[in-house]
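Reading through the structure tokens given below for one structure.
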Amino acid sequence: MADHLSPLIGVEAEDVAGHLIARFGTIARALEASPEALEVTLADFSTAATKICAARNLMKFAGNEKLVGCEVQPDDVGLHEHLRSKLNNPVEERMHAVFLDRANMYLSSETVARGSSSGLLLRIRHLVHRALDLGASKLLIAHNHPSGDCTPSQADRTSTEKFVEIAGALDLEIVDHLIVSTDGTFSLKQGRKL
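Here the sequence shown stands for residues 1 to 194, numbered as in the UniProt record's numbering.
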């Protein structure tokens, strides 16, 4: 980790890496930590947390930029990589939405819900409102399973069915619901659960 931090942090990279690993355990957890958690962990290193957050935000922006103006297909490996980078969190479930126009062209994407290690609560009203604000006609939703198992739970299937029904009544098509984990990606549509 220190080798990767060195161009960004400089001579303190090894000490910073030690603090991050001691606090978060893995590089992935350190990179997904909140700015506040990084500030507390790296309090002895004046600008390290700010630099790490800036680098992380730049990479996330670059990842989003790859999708701009592109057609989005639920089985696209590039999309799965993009979602895995957004949802790579081993301690909490997160839901990410990809907003599309009628031709499946990418409009925007954002994290729309966060939860605990065992579930999350999605406010459907908020998500539908956001889709309509963006002029989206279609929506692809994805969430992670921190357990590493991408098999959908009964709650995943039930909430997806409910969401599809509500969105459909508002002329908003749910293209797919993907479950992302370290093991892979499960498509509720391909698995005939949507």
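Just so you know, even glycine gets a beta-carbon here, dropped at the ideal spot from N, CA and C.
Since this is a predicted model, take the numbers as computed values, not measurements.
Residue i (DSSP reduced to helix, strand or coil)
i: Thr26; result: coil
i: Ser117; result: coil
i: Arg92; result: At residue 92 the sequence reads Glu, which differs from the Arg that was named. In this structure, Glu92 counts as coil in the three-state DSSP scheme.
i: Gly18; result: helix
i: Lys51; result: helix
i: Lys162; result: helix
i: Leu170; result: coil
i: His145; result: coil
i: Leu139; result: strand
i: Leu132; result: helix
i: Leu122; result: coil
i: Pro152; result: coil
i: Arg192; result: coil
Closest Cα partner of residue i within the set the options
i: Arg114; options: Ser46, Asp3, Gly18, Ala142; result: Ala142
i: Arg157; options: Arg192, Ala2, Leu170; result: Arg192
i: Arg130; options: Leu121, Pro146, Thr111; result: Thr111
i: Thr47; options: Asn104, Asp171, Gly135, Val16; result: Val16
i: residue 196; options: Leu67, Glu92, Glu173; result: No answer is possible for residue 196: the residues shown for the chain start at 1 and end at 194.
i: Phe61; options: Leu122, Leu42, Lys86; result: Lys86
i: Asn104; options: Asp76, Val128, Asn144; result: Asp76
i: Arg125; options: Ala169, Ala13, Phe45; result: Ala169
i: Ser147; options: Ser118, Thr160, Ala136; result: Ser118
i: Ala13; options: Gln73, Leu79, Ala49; result: Ala49
i: Glu165; options: Val128, Met59, Gln154; result: Val128
i: Pro7; options: Ala55, Pro152, Leu83, Ala43; result: Ala55
Own chain residues within Cβ distance below 8 Å of residue i, not counting five before or after
i: Cys150; result: Ile179, Val180, Ser181, Asp183, Gly184, Thr185, Phe186
i: Ser116; result: Glu92, Glu93
Identified DSSP bridge partners for residue i
i: Gly184; result: Ser181
i: Glu12; result: Paired residues: none, contrary to the question.
i: Glu110; result: Ala97
i: Met105; result: Glu71
i: Asp176; result: Leu140
Cutoff 7 Å; reference residue i; Cβ partners in own chain excluding five residues on either side
i: Glu32; result: Asn88, Asn89
i: Leu134; result: Phe99, Leu107, Ser108
i: Ile21; result: Met1
i: Phe163; result: Ile124, Ile174
Nonlocal neighbours in the same chain, by C-beta distance under 6 Å from residue i, ignoring five residues either side
i: Cys53; result: Pro35
i: Lys138; result: Leu100, Glu173, Val175
Chain C contact for residue i (CB, 9 Å cutoff)
i: Tyr106; result: Although the question refers to chain C, the structure presented lacks it and comprises just one protein chain.
Inset, instruction - Could you pull out every unbroken alpha helix (DSSP H) segment of at least 4 residues lying fully inside the region 31–86, listed in chain order? - result: The qualifying runs are 35–41, 48–65.
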